[in-house]
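What follows is a single structure, written as structure tokens, with notes after it.
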Amino acid sequence: MKYLGVHFVCVSPKDVDETIDACDLENELMRLAVKKCKSISDIYPDSVTIGADTVVVLDNEILGKPINRTEAKAFLKRLSGKTHIVYTGVALLFPDNEEITFVEKTFVTFRDLPDDAIDYYVATGIPLDKAGAYGIQDYGALFVKEIRGDFYNVMGLPIGRIWEILRNRGYYD
2 MKYLGVHFVC VSPKDVDETI DACDLENELM RLAVKKCKSI SDIYPDSVTI GADTVVVLDN
62 EILGKPINRT EAKAFLKRLS GKTHIVYTGV ALLFPDNEEI TFVEKTFVTF RDLPDDAIDY
122 YVATGIPLDK AGAYGIQDYG ALFVKEIRGD FYNVMGLPIG RIWEILRNRG YYD
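If you want our numbering, it's the 1-based position in the sequence shown plus 1.
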């Protein structure tokens, strides 16, 4: 968000159940993003509130945040040498109560990953709070062979689309 030149505060949503129905993934991600916005919008009623939720999908299966190191290793082994899709559902809630939602989709192809690289990365603990068990902004970037789509979407917030929306709403000259 700092690239957009706007003042922002990161706030964790209050009591939001992040369970989603994979059968209607894109709508579920937008619904969850809206819930996150609404859970905190009362704290900042005069501000634009942005909510987002990101998932990694491989072979029609959602790879969320791994529950432990064993699952993180399993996720990375499954992603090795394959293309997966990163989906982020985004909601913007404006002070006039207008709500804009969208889903950004990015295709990411991993290199073939050696076991020692997976072991090293998982031992850092970083993958444990990342959808799909990797962060493209850290050591996980070394695993990426190709990206088709928005790089920042893989980080969890497609700032290009957000910038377009804010610009169209008059937040930039």
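Glycine is no exception: its CB is placed at the ideal position from the N, C-alpha and C atoms.
According to DSSP, simplified to helix, strand and coil, what is residue i?
i	result
Leu114	coil
Gly141	helix
Gly90	strand
Arg149	strand
Glu99	coil
Is the Cβ-Cβ distance between residue i and residue j less than 7 Å?
i	j	result
Lys66	Ala132	yes
Asp54	Ala75	no
Phe111	Gly150	no
Met31	Thr102	yes
Val87	Val155	yes
Leu93	Ser42	no
Ala134	Leu77	yes
Ile21	Glu29	yes
Mark residue i as exposed unless 16 or more other C-beta atoms lie within 10 angstroms of its C-beta, in which case mark it buried.
i	result
Phe144	buried
Thr71	exposed
Thr89	buried
Arg168	exposed
Asn69	exposed
Val10	exposed
Tyr173	exposed
Glu19	exposed
Tyr121	exposed
Ile51	buried
Say whether chain B places a C-beta atom closer than 7 Å to the C-beta of residue i.
i	result
Leu80	This model lacks chain B altogether; it includes just one protein chain.
Please check the pair residue i and residue j, which I expect to be a contact at CB under 8 Å, by giving their CB distance rounded to whole angstroms.
i	j	result
Pro46	Pro96	7 Å
Gly136	Ile148	Actually they do not touch by this definition, with Cβ atoms about 14 Å apart.
Val56	Pro159	The Cβ separation is near 14 Å, so there is no contact.
Val17	Lys36	5 Å
Glu105	Arg162	6 Å
Ala23	Ile63	5 Å
Ser81	Leu114	4 Å
Taking 6 Å as the cut-off, is the beta-carbon of residue i closer than that to any non-hydrogen atom of the ligand GDP?
i	result
Asn61	As presented, the structure is devoid of all ligands, the ligand GDP included, so that no description of it is given.
Any alpha helix (DSSP H) of 4 or more consecutive residues that is wholly inside the region 10-85: The region 10-85 contains these whole alpha helix (DSSP H) runs: 26-41 and 70-80.
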